[in-house]
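Trainee:
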Amino acid sequence: MRYERPETIQAATTLLAEAQDSVFVLAGGTDLLVRMQRDDFEAELVVDIKSIAGITDVIETDDSFVIGAAVSCAALGEHAALRAAWPGVVEAANLIGSTQIQGRCTVVGNLCNASPAADSVPALIAAGAQARIVGPNGTRTVPVEEVPTGPGKTSLAKGEMIDAIVIAKPEPKSGDSYLRFTPRTEMDIAVVGASVHLVLDDAGTVKTARVALGAVGPKVLVSQEAAQSIIGTTLDAAALDALATVCSAASTPIDDKRGTVDFRKQVAGVLARRAALIAFERAGGTQ
Amino acid sequence: MSSIAVSTTINGDDVEYLCQADETLLDVLRNRLGLMGSKEGCGTGDCGACSTIIDGRVVCSCLVLGAEAQGRTIETIEGMANGAALHPLQTNFIEHAALQCGVCTPGFLMAAKALLDVNPDPTEEEIRFWLAGNLCRCTGYDKIVRAVQAAAVEMRGEQA
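The listed protein sequences derive, respectively, from chains A and B. Counting from 13, one number per residue, gives the positions in the first sequence under the working numbering. Counting from 85, one number per residue, gives the positions in the second sequence under the working numbering.
1. Pick helix, strand or coil for Pro134 of chain A, following the three-state DSSP scheme.
2. Determine which residues share a DSSP beta bridge with Met173 of chain A and list them.
3. Quick one: grab the DSSP three-state call for Leu168 of chain A.
4. Using 9 Å as the threshold, is the C-beta distance between Ala153 of chain B and Ile138 of chain B below it?
5. Is the Cβ of Ala153 of chain B closer than 9 Å to any Cβ of chain A?
6. Shorter than 8 Å, the distance from the beta carbon of Cys220 of chain B to the closest heavy atom of the ligand SAM, or not?
7. What in chain A is Cβ-close to Ala195 of chain B, meaning under 8 Å?
8. Establish whether the CB of Asn218 of chain B and some CB of chain A are separated by less than 9 Å.
9. Determine, using beta-carbon pairs with one atom in the region 185 to 194 of chain B and one in the region 115 to 123 of chain B, whether at least three such pairs fall under 8 Å.
10. In terms of residue numbering, what span does the alpha helix (DSSP H) encompassing Pro190 of chain B cover?
11. Three-state secondary structure (DSSP) at Glu237 of chain A?
12. Helix, strand or coil: how does DSSP classify Phe53 of chain A here?
13. From Glu354 of chain A to Arg285 of chain A, what does the alpha carbon distance come to, in whole angstroms?
14. Cα separation between Phe275 of chain A and Glu159 of chain B?
15. Which residues, taken in chain order from the region 93 to 110 of chain A, show a beta carbon closer than 8 Å to some beta carbon of chain B?
16. Does Ser84 of chain A come within less than 9 Å of chain B when only Cβ atoms are used?
17. Here's the rule I'm using: 16 or more other beta-carbon atoms within 10 Å means buried, otherwise exposed. How should Lys165 of chain A be labelled?
18. Would you call the region 210 to 226 of chain B and the region 103 to 121 of chain A touching, i.e. three or more CB-CB distances under 8 Å?
19. Count the other CB atoms within 10 Å of the CB of Ala168 of chain B; is the residue buried (16 or more) or exposed (fewer)?
20. Can you tell me which of A:Cys117, A:Gly100 and A:Ile79 puts its alpha carbon nearest to the alpha carbon of Val142 of chain B?
21. Identify every residue that forms a DSSP beta bridge with His209 of chain A.
22. Does DSSP classify Ile16 of chain A as helix, strand or coil?
23. On the DSSP letters alone, give me the boundaries of the alpha helix (DSSP H) that Pro160 of chain A sits inside.
24. With a threshold of 9 Å between beta carbons, is Lys62 of chain A in contact with chain B?
25. Cα separation between Arg144 of chain A and Lys185 of chain A?
26. Is there at least one Cβ from chain A nearer than 9 Å to Leu173 of chain B's Cβ?
27. In or out: Ser91 of chain B buried (at least 16 other Cβ within 10 Å) or exposed?
28. Within a Cβ cutoff of 6 Å, which residues of the same chain sit near Val99 of chain B, ignoring the five residues on either side of it in sequence?
29. Could you tell me whether any Cβ in chain A is nearer than 9 Å to the Cβ of Cys188 of chain B?
30. Shortest alpha-carbon distance to Asn122 of chain A belongs to which of A:Val258, A:Ala96, A:Trp98 and A:Glu157?
31. Of the residues that make up the region 24 to 42 of chain A, which ones have a beta carbon closer than 9 Å to any beta carbon in chain B?
32. Does the region 174 to 184 of chain A touch the region 197 to 207 of chain A, meaning 3 or more C-beta pairs lie closer than 8 Å?
33. Taking C-alpha atoms, which residue in B:Ala151, B:Lys227, B:Gly125 and B:Thr157 lies nearest to Cys144 of chain B?
34. What in chain A is Cβ-close to Leu119 of chain B, meaning under 7 Å?
35. Answer with buried or exposed for Gly41 of chain A, where buried requires no fewer than 16 other C-beta atoms within 10 angstroms of its C-beta.
36. Does the region 46 to 54 of chain A come close enough to the region 88 to 105 of chain A that 3 or more CB-CB pairs lie under 8 Å?
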């Protein structure tokens with residue numbers, strides 16, 4: 013295995029493109045280094061991207077936040093403006109792992125590791141975040157939900173890497189949230205995760221909504237039907253019941269040691285309901 | 085496989101070493117530099133026994149490559165005491181019997197130091213949450229939490 017630490021995006025993508033066999037991007041390493049411990053792990057090249065200018069920064073522009081691919085989740089949580097604008101995204105990112113993991117792990121890594129249970133991914137999707145992908149053929153930007161294609165698989169082509177996540181500044185009267193269920197209070201993997209982002213109109217009813225569910229399918233589930241069930245309401249009891257029912261029905265989880273299918277389906281509804289209420293309150297809504 | 089030359093700062097000293105591309109910082113500390121205080125428990129970032137502070141953030145050194153240390157500032161348990169004078173966290177761990185077998189202790193001390201560096205007056209809940217990535221199979225954690233609380237009081241210059 014070779015280790016390279018390029019100082020420009022172009023140098024990094026050239027290294028990624030020219031590698032003959034398996035090549036990995038190293039940012040926080042909290043997934044990659046664990047994989048490296050396995051006997052069957054083989055890599056020709058690891059590309060450490062942390063020396064690329066700007067890639068460890070959160071940049072606030074007039075209309076968006078640009079989160080560099082190597083920003084640790086701990087640093088994300090210390091960014092007051094981002095936390096105020098997108099509390100659900102930051103809370104989700106800060107749920108990943110322990111204090112020690114937080115010091116290294118990144119949301120781009122969480123996305124590219126492509127675990128269905130990734131905590132930050134439902135929140136990024138609900139927020140409408142975009143992944144900025146750089147590669148030998150230039151830069152393209154895609155919605156975050158188009159990156160993972162299944163467990164451990166992404167839509168990135170050879171030579172490509174994500175250099176930043178871009179999240180637009182939130183609209184007025186909007187709010188987001190992420191909740192997950194884990195058996196242990198901290199440092200555990202989501203059995204189910206649910207994220208809701210909603211925008212209210214002047215009358216205080218839900219104008220637009222996005223609902224994303226984690227760990228209940230091979231990739232994060234984005235349910236239009238769930239969003240529709242609360243649009244035009246003030247999250248009254250009937251709307252919340254409808255949301256929970258739709259989310260439970262839409263979930264297609266697996267049975268494993270951390271939860272059964274029936275349990276996960278029910279919890280998906282419960283968490284979506286609670287997440288919607290938090291997002292509604294953050295948007296300034298009153299029932 | 086050619087070695088990688090790394091220049092870094094460990095406990096205030098300039099240090100240079102050669103390592104392999106796939107070698108962890110924990111292995112470099114223990115096997116090449118003779119700094120055996122950082123322990124290997126799980127080797128996968130779950131137990132915190134290898135906790136070190138890099139550029140002010142506590143991390144698991146088993147999940148850092150030795151090559152990544154280039155140009156960084158690293159603190160290990162070996163740098164915690166000032167000569168023969170133990171750090172308040174160390175004296176309070178002893179006084180509160182916050183260790184039994186001791187394998188987790190360097191990691192707990194480094195993680196607790198990182199906490200008190202940013203939050204000199206943490207609540208019990210904040211201490212427990214911060215230290216959730218450090219596993220101890222002996223003490224049941226209560227004595228560790230009490231020791232951190234007592235050290236925080238001492239470091240703030242208050243009467244216990």
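Ideal Cβ placement from N, Cα and C applies to all residues, glycine included.
Mentor: Taking the geometry as given:
1. Sequence index remark: in the first sequence, residue 134 of chain A carries index 122 (1-based). Three-state result, Pro134 of chain A: helix.
2. Within the first sequence, residue 173 of chain A is the residue found at index 161, counting from 1. In DSSP, Met173 of chain A forms a bridge with A:Val146.
3. Your numbering for residue 168 of chain A matches position 156 in the first sequence. The answer is coil: DSSP assigns Leu168 of chain A none of H, G, I, E or B.
4. If you number the second sequence from 1, residue 153 of chain B lands on position 69. If you number the second sequence from 1, residue 138 of chain B lands on position 54. Their beta carbons are under 9 Å apart, which means Ala153 of chain B touches Ile138 of chain B by this criterion.
5. Taking the second sequence and counting its residues from 1, one reaches residue 153 of chain B at position 69. Judged by the 9 Å Cβ criterion, Ala153 of chain B is not in contact with chain A.
6. Among the components of this structure there are no ligands whatsoever, and the ligand SAM is therefore not found.
7. Indexing the second sequence from 1 puts residue 195 of chain B at position 111. Thr111 and Gln112, listed in chain order.
8. On the second sequence, position 134 is the one that residue 218 of chain B refers to. Yes, contact with chain A.
9. yes
10. Taking the second sequence and counting its residues from 1, one reaches residue 190 of chain B at position 106. Taken as a continuous stretch (DSSP letters only), the alpha helix (DSSP H) holding Pro190 of chain B covers Thr189 to Val202.
11. Reading the first sequence from its first residue, position 225 is the one you call residue 237 of chain A. Note: Glu237 of chain A maps to helix in three-state DSSP.
12. Within the first sequence, the letter at position 41 stands for residue 53 of chain A. It is coil, neither helix nor strand.
13. As displayed, chain A neither begins before 13 nor continues past 299, which places residue 354 of chain A out of reach and without an answer.
14. In the first sequence, residue 275 of chain A corresponds to position 263, counting from 1. In the second sequence, residue 159 of chain B corresponds to position 75, counting from 1. Near 45 Å, if we compare the C-alpha coordinates of Glu159 of chain B and Phe275 of chain A.
15. Gly109 and Ser110
16. Position 72 of the first sequence, counting from 1, holds the residue named residue 84 of chain A. Ser84 of chain A counts as touching chain B.
17. Within the first sequence, residue 165 of chain A is the residue found at index 153, counting from 1. Under this definition Lys165 of chain A is an exposed residue.
18. yes
19. The sequence position of residue 168 of chain B within the second sequence is 84, counting from 1. Classification of Ala168 of chain B: exposed, given that the 10 Å Cβ count is below 16.
20. Working through the second sequence from its first residue, we reach residue 142 of chain B at position 58. The shortest C-alpha separation from Val142 of chain B is found at A:Cys117.
21. Here residue 209 of chain A corresponds to residue number 197 of the first sequence, with the count starting at 1. According to DSSP, which records beta bridges pairwise, His209 of chain A is partnered with A:Asp188 and A:Arg222.
22. Position 4 of the first sequence, counted from the first residue, corresponds to residue 16 of chain A. For the record, residue 16 of chain A in the displayed sequence is Glu; it is not Ile. Strand.
23. If you number the first sequence from 1, residue 160 of chain A lands on position 148. First-last for Pro160 of chain A: Pro160 to Gly162, but that is the beta strand (DSSP E), not the alpha helix (DSSP H).
24. In the first sequence, the residue the question calls residue 62 of chain A occupies position 50. Chain B, which has a Cβ nearer than 9 Å to the Cβ of Lys62 of chain A, makes this yes.
25. Position 132 of the first sequence, counted from the start, is the residue given in the question as residue 144 of chain A. Position 173 of the first sequence, counted from the start, is the residue given in the question as residue 185 of chain A. In a straight line, the C-alpha of Arg144 of chain A is about 27 Å away from that of Lys185 of chain A.
26. Within the second sequence, the letter at position 89 stands for residue 173 of chain B. Not one chain A Cβ lies under 9 Å of Leu173 of chain B.
27. Working through the second sequence from its first residue, we reach residue 91 of chain B at position 7. Looking at its Cβ environment, which holds fewer than 16 other Cβ atoms inside 10 Å, Ser91 of chain B is exposed.
28. Taking the first residue of the second sequence as 1, we reach residue 99 of chain B at position 15. Once the five neighbours on either side are set aside, the close Cβ partners of Val99 of chain B are Thr92.
29. On the second sequence, position 104 is the one that residue 188 of chain B refers to. No, its Cβ sits nowhere closer than 9 Å to a Cβ of chain A.
30. Position 110 of the first sequence, counting from 1, holds the residue named residue 122 of chain A. The shortest Cα separation from Asn122 of chain A among A:Val258, A:Ala96, A:Trp98 and A:Glu157 belongs to A:Glu157.
31. Leu38, Gly40, Gly41 and Thr42
32. no
33. The sequence position of residue 144 of chain B within the second sequence is 60, counting from 1. That would be B:Gly125, whose Cα lies nearest to the Cα of Cys144 of chain B.
34. Here residue 119 of chain B refers to the residue found at position 35 when the second sequence is read from its first residue. The premise fails here: Leu119 of chain B is roughly 18 Å from chain A at the closest Cβ pair, so nothing lies under 7 Å.
35. For this step, residue 41 of chain A is matched to residue 29 along the first sequence. The residue is buried, with at least 16 neighbouring Cβ atoms inside 10 Å.
36. no
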